[in-house]
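Take 2 as the starting number for the sequence shown in my numbering and just add one per residue.
Below is one structure, written out as structure tokens, with a few remarks after it.
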Amino acid sequence: MRRSRLLPLALLMVLVPASLAAQARRVSGQVKDPDGRPLDAVRVFEKGTLNATLTDAQGQFTLRYASPEAVLVFSRFGYADLERRPAGEATLDVVLTPNLSIAALEVVGSRRARRTETETPAPVDIIDMRELSTSTGRLDVNQLLQYVAPSFNANRQSGADGADHIDPATLRGLGPDQTLVLVNGKRRHQSSLINLFGSRGRGNTGTDLDAIPAAAIDHIEILRDGASAQYGSDAIAGVINIVLKSNTDGFTGSLGSGTHNAHPPSSFDVTRSDRWDGTERDVSGNYGVRLGKDGFANFTAEYLNKGHTNRPADPAHFDIFRRQFGDAKLDNAGAFVNSRLPLSDAAALYAFGGFNYRHTDAFAWTRDPDSDRNIPAIYPNGFDPRIVSHIADPSLSAGVRARISGWDLDVNNTFGLNRFHYFVDGTLNASLLERSPTHFDAGGFLFSQNVTALDVSRFFPRARNGLNVAFGVEHRLDHYSIFAGEEGSWRNYGLADTVIDGVPTTVDRLGRAGGAQGFPGFQPSNELSENRDNVAAYTDLELDVTPAWTVGAAGRFEHYSDFGSTWNGKVDTRLKLSDAVALRGSASTGFRAPSLAQIYFNSTFTDFVSGQAVDKLIARNDAPITKALGIPPLEQETSRNLSLGLTARSGPFTATVDGYAVNVYDRIVLTGAFEDTDEQIGAELRRLQVGAAQFFTNALDTRTRGLDVVLNYAEDFSGRRLRASLAGNFNDMKLGAIHTTAKLAGKEDIYFGAREQHFLLASAPPRKITGSLGYGVGNLDVDLRATNFGRVVLIDWEDNPDVYKAKTVLDLTGTYRVSGNLSVSLGGANLLNVYPTQQDTQTETGGLWDAVQMGFSGAFYFVRLNVKY
Numbered sequence: 002m003r004r005s006r007l008l009p010l011a012l013l014m015v016l017v018p019a020s021l022a023a024q025a026r027r028v029s030g031q032v033k034d035p036d037g038r039p040l041d042a043v044r045v046f047e048k049g050t051l052n053a054t055l056t057d058a059q060g061q062f063t064l065r066y067a068s069p070e071a072v073l074v075f076s077r078f079g080y081a082d083l084e085r086r087p088a089g090e091a092t093l094d095v096v097l098t099p100n101l102s103i104a105a106l107e108v109v110g111s112r113r114a115r116r117t118e119t120e121t122p123a124p125v126d127i128i129d130m131r132e133l134s135t136s137t138g139r140l141d142v143n144q145l146l147q148y149v150a151p152s153f154n155a156n157r158q159s160g161a162d163g164a165d166h167i168d169p170a171t172l173r174g175l176g177p178d179q180t181l182v183l184v185n186g187k188r189r190h191q192s193s194l195i196n197l198f199g200s201r202g203r204g205n206t207g208t209d210l211d212a213i214p215a216a217a218i219d220h221i222e223i224l225r226d227g228a229s230a231q232y233g234s235d236a237i238a239g240v241i242n243i244v245l246k247s248n249t250d251g252f253t254g255s256l257g258s259g260t261h262n263a264h265p266p267s268s269f270d271v272t273r274s275d276r277w278d279g280t281e282r283d284v285s286g287n288y289g290v291r292l293g294k295d296g297f298a299n300f301t302a303e304y305l306n307k308g309h310t311n312r313p314a315d316p317a318h319f320d321i322f323r324r325q326f327g328d329a330k331l332d333n334a335g336a337f338v339n340s341r342l343p344l345s346d347a348a349a350l351y352a353f354g355g356f357n358y359r360h361t362d363a364f365a366w367t368r369d370p371d372s373d374r375n376i377p378a379i380y381p382n383g384f385d386p387r388i389v390s391h392i393a394d395p396s397l398s399a400g401v402r403a404r405i406s407g408w409d410l411d412v413n414n415t416f417g418l419n420r421f422h423y424f425v426d427g428t429l430n431a432s433l434l435e436r437s438p439t440h441f442d443a444g445g446f447l448f449s450q451n452v453t454a455l456d457v458s459r460f461f462p463r464a465r466n467g468l469n470v471a472f473g474v475e476h477r478l479d480h481y482s483i484f485a486g487e488e489g490s491w492r493n494y495g496l497a498d499t500v501i502d503g504v505p506t507t508v509d510r511l512g513r514a515g516g517a518q519g520f521p522g523f524q525p526s527n528e529l530s531e532n533r534d535n536v537a538a539y540t541d542l543e544l545d546v547t548p549a550w551t552v553g554a555a556g557r558f559e560h561y562s563d564f565g566s567t568w569n570g571k572v573d574t575r576l577k578l579s580d581a582v583a584l585r586g587s588a589s590t591g592f593r594a595p596s597l598a599q600i601y602f603n604s605t606f607t608d609f610v611s612g613q614a615v616d617k618l619i620a621r622n623d624a625p626i627t628k629a630l631g632i633p634p635l636e637q638e639t640s641r642n643l644s645l646g647l648t649a650r651s652g653p654f655t656a657t658v659d660g661y662a663v664n665v666y667d668r669i670v671l672t673g674a675f676e677d678t679d680e681q682i683g684a685e686l687r688r689l690q691v692g693a694a695q696f697f698t699n700a701l702d703t704r705t706r707g708l709d710v711v712l713n714y715a716e717d718f719s720g721r722r723l724r725a726s727l728a729g730n731f732n733d734m735k736l737g738a739i740h741t742t743a744k745l746a747g748k749e750d751i752y753f754g755a756r757e758q759h760f761l762l763a764s765a766p767p768r769k770i771t772g773s774l775g776y777g778v779g780n781l782d783v784d785l786r787a788t789n790f791g792r793v794v795l796i797d798w799e800d801n802p803d804v805y806k807a808k809t810v811l812d813l814t815g816t817y818r819v820s821g822n823l824s825v826s827l828g829g830a831n832l833l834n835v836y837p838t839q840q841d842t843q844t845e846t847g848g849l850w851d852a853v854q855m856g857f858s859g860a861f862y863f864v865r866l867n868v869k870y
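Here you go:
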């Protein structure tokens, strides 16, 4: 796409007759709850159109609507939707009734209904995806959250095998697998991928947020507090709850396209002739219908296509370089449904879930023409293998909610599966010489999870000033398997068994690496199929001691079939000092069970160390070589979490400030590489024909201290809309002593050395601040966002520090409502084409930048059409 193609749409936004705005009617009013308290963040919209607004901190709103027969809908989670006709009146005040029915969804962090993000004892961010999707050019869930939630970090990788295909994401700088993801309050399955390379999430599994269509999401709740006692394993850093759309007001769709500036500001000329690359296109549709009186079915389909970006270094200035370095090519298609069918006034069936399919094509490292890993007869100029993935991700959750004798019951079963299948294109098996194919099926892995749960709760209004009691039981079954690729993807055809001096010996007749270059396939010896199950029981209490003082306590017991039992607890409190100010705090213990992938993953793969290919082994935790080194079976990670904060409200201004401390003990990491020259392990590695080996182990303790600050201002005046926010996360992690085994004592610099430590510390910048300003008048809305990323330091292959200076990224979007059913958005993400500080090609990625801060794709210019009927 050329920039000139955006001009007609820009002119359309400017030249649409002003009479459309003049003909619109306007209504103002206030939204309150039954106790007379103003309700902020209520979505007010004209039914069947794109005309919408949000109430400010005083519950005030102003909305322009087109039809004299307009129906306005007032919607806020935790409250029943309300429809009213303005009938030409200039003022319309309404009262929303709490949704205490069996269909209610509570804000994560509290199992008590009617809690909002400012009333919970723990900090919760609530992100309205319906508003956000039209005010930003970022198209996937990970990148949307990266730029609106300062404690959330996600980066695209390059040359990092599976991490190029599923972005690892972190909360408060902890691991991707230390954040629990829920959908509609139910545990979401993790990805089958375990990250081995890249600058974030090394040695961790995580949840693939991009497998959920952004168009299917109503809002996202981020609980920034340890919650293992409430929700179980993985909730050390917090919880992300994705709440799906349930609206029944017709069809909403969008069509978007954009492109990246292919020229980074650099002191060296990149080897590019074209100006644009990485074109992105997306189309989505959402449709909701009523089922009976209070039921619904909401359907979403979404397709996203992204082209490669390529930011290679100039080979004239570097001995080591990649000709293809950038974001992967992507086709991502998904469909989701969310539904509820009432059975009676006291019971309802519900079901939600969907299917996501992703085809990804990512660059691997360049193989030089004269390398013994190349066959000049096939690739006379060398080659750039590409790792291709086919990822399937189905999920289904179904259950019954009922009210029996005043108790709310929820019986549910949730199943999810992630299957990751590798292929390698543009490659060869050097040990086959000229006979080698150039495409291989490399095998892959699969993870599935089935959770069956019973949750019971009840609110007792006469116990002091109100007591909420919740308890439940849960059974979870996890399955992990690895399946082999075709023989040519992994076999070395140059090896032969012989006898030398009476000793059986394997010799390499060709001196060439076997397997598919770029990604050697999984071998039959890697194949496995493993299961584990666990049972859990919890209790969660929340009491209003006085109208101003709330206390809560939760406890949870879990028993795992593979490592035993764990107990965890949490206490929290909120004290209202005045109508405007409240204090809140919590203390908890937490845990994370080692993932099945961390226990059982094993593979031989190719890594590049200072540009030189090295075949490495990752041995499963119970392998003979692992046991020979005295590495013990993996144990659970445990944690202690403390949080203390303040909330304040004054007119249109709100503020939350929360400090936190998280200590994680026995953290699981992927060790550094022990080479075949090591006196303890070298002989065994040479027998396996690999140059180095790595392991998963409980290696160290970490201490994280931080501060979250969120300031918001929202006000409507004289038909104009002003929204402003400033949010920041300040985070500091310290690493404890390295716990080696007795046989590897004194080798801490290999076991988990400075390089690996810096990757762990760089899971989040020490500072990320996001400021946004939104201004609307008539049919035009303009949104400006600035994101400042703090300084990041990594260690390169030559043991030198790579310092990435603090940088600021600007996003700008303008949205014009052409009519009540059509709007156009035009803008830029990373408008000023900012990149991390340029390094040399001794980075982990082999490019001029690691995957830090804002990434290495540059400016993105986009246009989007939004429709509603």
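For every residue, glycine included, the Cβ atom is placed at its ideal position computed from N, Cα and C.
Would you check if the distance between the CB atom of His-220 and the CB atom of Met-130 is smaller than 9 Å?
yes
Beta-bridge pairing of Ser-644 - partner residues as DSSP gives them
Partner(s): Ser-587 and Tyr-661.
From Thr-428 to Ser-604, what distance separates their C-alpha atoms?
19 Å
What's the gap between the Cα of Pro-505 and the Cα of Gly-160?
38 Å
Starting from the N-terminal side, write out each stretch of the beta strand (DSSP E) that is 3 residues or longer and does not extend beyond the segment 238-279.
239-245 and 251-262
Would you decide whether Ser-735 is buried or exposed? Buried here means 16 or more other CB atoms lie within 10 Å of its CB.
Here the sequence assigns Lys to residue 735, which means Ser is not the residue at that position. Under this definition Lys-735 is an exposed residue.
Start and end of the alpha helix (DSSP H) containing Val-142?
142-147
Bridge partners of Thr-367, per DSSP?
Its beta-bridge partners do not exist; DSSP assigns none.
Buried or exposed for Asp-623, going by 16 or more other Cβ atoms inside 10 Å?
Exposed is the label assigned to Asp-623, since fewer than 16 other Cβ atoms lie within 10 Å of its Cβ.
So, using beta-carbon positions, are Val-425 and Arg-387 closer together than 9 Å?
In this structure, Val-425 lies near Arg-387, with their beta-carbon atoms less than 9 Å apart.
Alpha helix (DSSP H) containing Ala-755: first to last residue?
755-762 is the extent of the alpha helix (DSSP H) around Ala-755.
Secondary structure at Leu-434, three-state DSSP: helix, strand or coil?
helix
So, at 6 Å on beta carbons, what are the nonlocal neighbours of Phe-322 in its own chain, with the 5 sequence-adjacent residues on each side left out?
Ala-314, Pro-316 and Thr-842
Neighbourhood of Ala-71 by C-beta, 6 Å cutoff - its chain only, sequence neighbours within 5 removed:
Within the same chain, Ala-71 has close Cβ partners Glu-47.
Have a look at the DSSP bridge pairing and note the partners of Gln-450.
BP columns for Gln-450 point to Gly-417 and Asp-479.
Kindly list the residues whose CB is nearer than 6 Å to the CB of Gly-444, restricted to its own chain and excluding five residues on each side of it in sequence; keep chain order.
Phe-484, Ala-485, Gly-486, Gly-522 and Phe-523
With burial defined as no fewer than 16 other Cβ atoms inside 10 Å of the residue's Cβ, what is the status of Ala-23: buried or exposed?
Its pLDDT being 38, under 50, Ala-23 is placed unreliably by the model, and nothing is read from it.
Mapping the DSSP letters down to three states, classify Asn-469 as helix, strand or coil.
strand
With DSSP run on the structure shown, which of helix, strand or coil describes Thr-567?
strand
Which of helix, strand or coil DSSP assigns to Gly-489:
helix
Enumerate, from N- to C-terminal direction, the unbroken beta strand (DSSP E) stretches of 3 or more residues contained entirely within the segment 500-538.
504-509
For Asn-375: DSSP bridge partner residues
According to DSSP, which records beta bridges pairwise, Asn-375 is partnered with nothing at all.
N-terminal and C-terminal residue of the alpha helix (DSSP H) that Tyr-601 is part of:
Looking at the DSSP string, the run of the alpha helix (DSSP H) that includes Tyr-601 is 597-601.
Close beta carbons around Asn-789, own chain, < 6 Å, minus the five adjacent residues each side
The beta carbon of Asn-789 sits closer than 6 Å to those of Ile-770 and Thr-809, all from its chain and outside the five residues before and after it, given in chain order.
Own chain partners of Thr-92 with C-beta closer than 8 Å, once the 5 adjacent residues on each side are dropped
Val-28, Ser-29 and Gly-30
For Gly-847 and Ala-336, the rounded distance between their alpha carbons:
36 Å
In this structure, does DSSP put Glu-132 in helix, strand or coil?
In the displayed model, Glu-132 falls within a helix according to three-state DSSP.
In angstroms with no decimal places, state the Cα-to-Cα distance between Arg-420 and Leu-447.
4 Å
Nearest to Gly-1 by CA position, among Gly-503, Ser-398 and Arg-621, is which residue?
The shown model of the chain, from 2 to 870, leaves out residue 1, and the question about it has no answer.
Within 10 angstroms of its Cβ, does Trp-850 collect 16 or more other Cβ (buried), or is it exposed?
buried
Within a Cβ cutoff of 6 Å, which residues of the same chain sit near Ala-216, ignoring the five residues on either side of it in sequence?
Ser-285, Asn-287, Thr-301 and Glu-303
Classification of Gly-138 by the beta-carbon crowding that lies within 10 angstroms, buried from 16 upward
The residue is buried, with at least 16 neighbouring Cβ atoms inside 10 Å.
Please state whether DSSP places Gly-683 in a helix, a strand or coil.
helix
Where does Arg-688 sit, in a helix, a strand or coil, going by DSSP?
DSSP places Arg-688 in helix when its eight states are reduced to three.
To the nearest angstrom, how far is the alpha carbon of Arg-225 from that of Thr-547?
Taking the straight line from one Cα to the other gives about 26 Å.
Just the C-alpha distance for Gly-417 and Leu-635, rounded to the nearest angstrom, thanks.
25 Å
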